[in-house]
Amino acid sequence: MTSVFPDDQFRNGCDESKCVSLVPISTISTSFTCYTDTDTGTDGNVVGGDYPMLCADGYQPRMVHDEPPLFLTDSNDDRPYKYYTCCPPLSSSTGTETTTDNTSSTITHDRRHCSDPVISNNTNTNIDDGSVEFVDTMKLCQDDDDDRRYYPHQMKNPRQEEPSSLSSYTCCDWVDNKYIIIEKTSTVNTVNTSSPFFAGSNSNSSSLLDSFLDDIECVQYRNDLYEKAIIQNTYGHIFVRKCNFDVGSSMDSFTSPRIDTGNPSKYECCKNTLVTAAAAATVTVEPFLVDTAFRMTVYPQIIVSSMAVICCLIIILGLLIPFIVGIENTKNTSRWKKKTDCTGASTVIRSTTAARRASTGGASNKNSRTAVIYNPYNMYLCSLAVPDLILNTYLLGMYISFANQKYNPRYSKGNIVWNEIAPPAAFASFEGAFVVACSTANLYMNVIISFEMFILLKSNHDIQRYAPPKLRKVVFQSISVYVFAIIIFVTHYFICRAVSEGKILFLKTNTVWSLIVTYILPIGFFAGVCFLIWYRSYIKATNRKLRQCVLYFFRIIVVFCIIWLPGMLLLVIGAPTRNGTLISLGLLFCAIQPIVSTCMAMTKHDVRNYCLDFITLSYCFKNNKQQQQQSNEEEKKIENPVTTCKAPIVDEQQYATSTTPTSPPPSPDSDPNVNINDRNGKVNAEEEILCDKV
Numbered sequence: 001m002t003s004v005f006p007d008d009q010f011r012n013g014c015d016e017s018k019c020v021s022l023v024p025i026s027t028i029s030t031s032f033t034c035y036t037d038t039d040t041g042t043d044g045n046v047v048g049g050d051y052p053m054l055c056a057d058g059y060q061p062r063m064v065h066d067e068p069p070l071f072l073t074d075s076n077d078d079r080p081y082k083y084y085t086c087c088p089p090l091s092s093s094t095g096t097e098t099t100t101d102n103t104s105s106t107i108t109h110d111r112r113h114c115s116d117p118v119i120s121n122n123t124n125t126n127i128d129d130g131s132v133e134f135v136d137t138m139k140l141c142q143d144d145d146d147d148r149r150y151y152p153h154q155m156k157n158p159r160q161e162e163p164s165s166l167s168s169y170t171c172c173d174w175v176d177n178k179y180i181i182i183e184k185t186s187t188v189n190t191v192n193t194s195s196p197f198f199a200g201s202n203s204n205s206s207s208l209l210d211s212f213l214d215d216i217e218c219v220q221y222r223n224d225l226y227e228k229a230i231i232q233n234t235y236g237h238i239f240v241r242k243c244n245f246d247v248g249s250s251m252d253s254f255t256s257p258r259i260d261t262g263n264p265s266k267y268e269c270c271k272n273t274l275v276t277a278a279a280a281a282t283v284t285v286e287p288f289l290v291d292t293a294f295r296m297t298v299y300p301q302i303i304v305s306s307m308a309v310i311c312c313l314i315i316i317l318g319l320l321i322p323f324i325v326g327i328e329n330t331k332n333t334s335r336w337k338k339k340t341d342c343t344g345a346s347t348v349i350r351s352t353t354a355a356r357r358a359s360t361g362g363a364s365n366k367n368s369r370t371a372v373i374y375n376p377y378n379m380y381l382c383s384l385a386v387p388d389l390i391l392n393t394y395l396l397g398m399y400i401s402f403a404n405q406k407y408n409p410r411y412s413k414g415n416i417v418w419n420e421i422a423p424p425a426a427f428a429s430f431e432g433a434f435v436v437a438c439s440t441a442n443l444y445m446n447v448i449i450s451f452e453m454f455i456l457l458k459s460n461h462d463i464q465r466y467a468p469p470k471l472r473k474v475v476f477q478s479i480s481v482y483v484f485a486i487i488i489f490v491t492h493y494f495i496c497r498a499v500s501e502g503k504i505l506f507l508k509t510n511t512v513w514s515l516i517v518t519y520i521l522p523i524g525f526f527a528g529v530c531f532l533i534w535y536r537s538y539i540k541a542t543n544r545k546l547r548q549c550v551l552y553f554f555r556i557i558v559v560f561c562i563i564w565l566p567g568m569l570l571l572v573i574g575a576p577t578r579n580g581t582l583i584s585l586g587l588l589f590c591a592i593q594p595i596v597s598t599c600m601a602m603t604k605h606d607v608r609n610y611c612l613d614f615i616t617l618s619y620c621f622k623n624n625k626q627q628q629q630q631s632n633e634e635e636k637k638i639e640n641p642v643t644t645c646k647a648p649i650v651d652e653q654q655y656a657t658s659t660t661p662t663s664p665p666p667s668p669d670s671d672p673n674v675n676i677n678d679r680n681g682k683v684n685a686e687e688e689i690l691c692d693k694v
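All residue numbers for the sequence shown refer to the UniProt record's numbering, where the first residue is 1 and numbers rise by one.
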């Protein structure tokens, strides 16, 4: 059988294998097609459509009007999908096209020339190298309904794997002259060198002018995978107007986005020289489209994270400032004591008395909310708030940059901005590791607090003396947790980065170990501590005040588990599949947790007072007043250096009958028959004997 080669003028150089539109047709879902849901309006412009007409290599889409539309019967989509073809670019809107030999022809598309794509699993056949036989690919086109369409043309590959084991072909009724044709009869045909699109200059060349990228200004796709340049924001996924072509590719010069004036959700990727010379000086292309989905994704996170940052700062500074002020006051009062002690007797400064009273629950002075006392458990609250502050500060900065139309591809490769073509691990390598590290620090700090509460309750139950953790221990525990979280961050980040670069292949193993170390171990330990406390009835055996203190800290931990852990669960489930809805909800939970924890912390009297002092700036006013009073006292001491001391009040009759009248009265501590309460009362009374200035 002799093959009939349609003349190039018959199809006007159009090539349907250049179509790169992805329509959800179940039978060819892994291949590009020439179907589109767009249409040509009365003014000649293309209107509507979620699946625009796209062509590769500089070809321009043209509608085939005599082809009946396609309806998807296997879905609820009732839209008609029309057929189009890809042709060389037009020199004007009159329907003429310029060829390599400066000839022009009228474009008429009276019928289609190729079939729907055919999927091949043949890895040994690739007709692009110009020397492959049609032994296998010809068989793909023998069963076509139109017996004239038995010439296979390989289409572009929509998948990320390049080259792919799966290839798609379209069966056409014409021969692409860049290939060496071996017909069914094994007769080699002569290359059609008379085609106006033939680019060969000698008889040994059989290549066609296969690209018109130099003749066009913009393309309608945004990367080398021919993904459409359309902004389709959804909740949790905001698209960015960006052109991501690989350096060194044939399209690496199309890197400047230009917004479609008729539809702001669409844009084109144009050449740098074009945009710089014509549009860049007058038009500023904003990277994000501000629509309802953008607002719902960005602004709630900004509001909640702002509140979380404020709450964390109040807790941290409100509890640290009185501790620092207390250290300074202790140093100042110690120096004052050395200067004013007149007899060397056992005199105690007033601040020490106040501190001892407040430490035993006295707190008699209601006007002063800032008694200088170190509470180790309040320092644990500071340690808990630090990871929340770091995480929400990061989220706040990122989302504010989105709201201000600031996009940096180096730092915005997270799960929210959907703009890249790399595997998911490349997007979330930093952001995912950062969230995992913050959650690690939070969970393990809660483990330490629960363990300290367990030791306190156990000591009380066993009637043993319990020494609260010292400052050195609290600081050491906090720093250890933070260092461990940093190690988790570094490990997780570099493993995910190596996976995204294809260097290692155990992403699932890394995920499993991250879940075990970061979540399962601390949560399991916390659950075990709670079970032991309940099983041994430690809380029931405590007194009322101790039970309130323990329940206070356990309420904070429970709030953390109820709010933070669901947020982490949403992130863990949503991150691998890049589910924007789950990721955004998880980040909101992570921001709500410190707000609720701060409200729970305010139920503790001293924490609330410290935070109120910080908010009202009472430390500044009190410090100024105290400094002025101390300065006045020092001036008086310089002017009147003579001081007198009040002696302890002693019974005269008992003192007169004493055998050693020159010795002081016996100390209550040396008499074992003295009641402990009386002894404490006498000690407190002795602490009130101070050295006063004359």
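Virtual Cβ for every residue (Gly too), placed ideally from N, Cα, C.
Tell me which same chain residues have a C-beta within less than 7 Å of the C-beta of PRO468, skipping the five on either side of it?
Within the same chain, PRO468 has close Cβ partners PRO376.
So LYS82 and ASP57 are in contact, right, with Cβ under 8 Å, and what is the actual spacing, rounded?
With a Cβ gap of about 22 Å, LYS82 and ASP57 do not count as contacting.
Starting from THR170, trace the beta strand (DSSP E) both ways and give me its first and last residue.
Unbroken beta strand (DSSP E) run through THR170: 167 to 172.
Does the distance from the C-beta atom of THR38 to that of PRO52 stay below 7 Å?
Result yes, Cβ atoms of THR38 and PRO52 sit closer than 7 Å.
Using a Cβ-Cβ distance cut-off of 7 Å, determine whether GLN154 contacts chain B.
No chain B appears in the structure shown, which is made up of a single protein chain.
Can you give me the C-alpha to C-alpha distance between ARG79 and LEU22, rounded to a whole angstrom?
Approximately 15 Å between the Cα atoms of the pair.
Using the three-state DSSP reduction, which class does GLU67 fall into: helix, strand or coil?
GLU67 falls in the coil class under three-state DSSP.
Since ILE416 and GLY580 are thought to touch, with beta carbons under 8 Å apart, how far apart are those beta carbons, to the nearest angstrom?
Indeed, because the Cβ distance is near 7 Å, the residues count as touching under 8 Å.
Compute the Euclidean distance between the alpha carbons of GLY432 and TYR493, then round it to the nearest angstrom.
Whole-angstrom Cα-Cα distance: 8 Å.
Using the Cβ count rule (16 or more neighbours within 10 Å means buried), how would you classify CYS14?
It is buried - the Cβ of CYS14 has at least 16 other Cβ atoms within 10 Å.
In terms of alpha-carbon separation, which member of ARG149, TYR380 and SER439 lies closest to ASP173?
Among ARG149, TYR380 and SER439, the Cα nearest to that of ASP173 belongs to ARG149.
For VAL607, which residues of its own chain have a beta-carbon under 6 Å away from its beta-carbon, when the five flanking residues on both sides are left out?
ALA601, listed in sequence order.
Which two residues bound the contiguous beta strand (DSSP E) that contains PHE254?
Its beta strand (DSSP E) spans residues 254 to 259.
Report back the beta-carbon spacing between LEU384 and MET445 to the nearest angstrom; my notes put them in contact at under 8 Å.
Yes, they are in contact, since the Cβ atoms of LEU384 and MET445 sit about 5 Å apart, within 8 Å.
Mind checking which residues open and close the alpha helix (DSSP H) that includes ILE119?
Careful: ILE119 lies outside any alpha helix (DSSP H), inside the beta strand (DSSP E) at 118 to 120.
Roughly how many angstroms separate the alpha carbons of TYR299 and VAL596, rounded to a whole number?
The alpha-carbon atoms of TYR299 and VAL596 are separated by roughly 20 Å.
With respect to the beta strand (DSSP E) encompassing residue 697, which residues constitute its N-terminal and C-terminal limits?
Since the first and last residues shown for the chain are 1 and 694, residue 697 lies out of range.
For SER265, which of helix, strand or coil comes out of DSSP?
The answer is coil: DSSP assigns SER265 none of H, G, I, E or B.
By Cβ distance below 7 Å, which residues in the same chain neighbour PRO566 in space, the five residues on each side in sequence not counted?
Once the five neighbours on either side are set aside, the close Cβ partners of PRO566 are PHE589.
Can you tell me which of LEU515, TYR466 and ALA441 puts its alpha carbon nearest to the alpha carbon of THR480?
Looking at the sequence provided, one finds Ser at residue 480 rather than Thr. Checking every option, the nearest Cα to that of SER480 belongs to ALA441.
Measuring straight from C-alpha to C-alpha, what distance separates LEU585 and ILE390?
When rounded, the distance between both Cα atoms is 19 Å.
Please determine, among LYS228, TYR535 and VAL447, the residue with the shortest C-alpha to C-alpha distance to GLY524.
Closest by alpha carbon: VAL447.
I'd like the list of long-range same chain contacts for VAL219, defined as Cβ closer than 6 Å, with 5 residues on each side in sequence excluded.
If we look at VAL219 and ignore the five residues flanking it on each side, its Cβ neighbours are PHE254 and CYS269.
In the DSSP output, what is PHE614 paired with across the bridge?
In DSSP, PHE614 forms no bridge with anything.
Rounded to whole angstroms, what's the CA-CA distance from LEU320 to CYS382? Just pull it up for me.
Cα-Cα distance, rounded: 8 Å.
Could you pull out every unbroken alpha helix (DSSP H) segment of at least 4 residues lying fully inside the region 468 to 518, listed in chain order?
Entirely contained in the region 468 to 518, the alpha helix (DSSP H) runs reaching 4 residues are, in chain order, 471 to 500 and 507 to 515.
DSSP on ILE25, reduced to helix/strand/coil?
Three-state result, ILE25: coil.
Whose C-alpha, out of SER450, LEU532, VAL499 and THR616, is nearest the C-alpha of ARG555?
The shortest Cα separation from ARG555 among SER450, LEU532, VAL499 and THR616 belongs to SER450.
Beta-carbon separation of PRO257 and VAL285 under 7 Å?
In this structure, VAL285 lies closer than 7 Å to PRO257 by Cβ.
The alpha helix (DSSP H) with THR30 in it runs from where to where?
Per DSSP, THR30 belongs to no alpha helix (DSSP H) and is neither H nor E.
Does the distance from the C-beta atom of ILE557 to that of ILE592 stay below 7 Å?
It is not a contact, given that the beta carbons lie outside the stated cut-off.
Classify TYR619 as helix, strand or coil using the three-state DSSP reduction.
Reduced to three states, the DSSP call for TYR619 is helix.
Could you tell me if LEU54 is buried or exposed, where buried requires 16 or more neighbouring beta carbons within 10 angstroms of its beta carbon?
Classification for LEU54: buried.
According to DSSP, is PHE294 helix, strand or coil?
Of the three classes helix, strand and coil, the one that applies to PHE294 here is helix, per DSSP.
With H, G and I counted as helix, E and B as strand and the rest as coil, what does DSSP make of ARG241?
In this structure, ARG241 counts as coil in the three-state DSSP scheme.
Between the Cα of LEU546 and the Cα atoms of LYS266, LYS271 and LYS604, which residue gives the shortest distance?
Nearest C-alpha to LEU546: LYS604.
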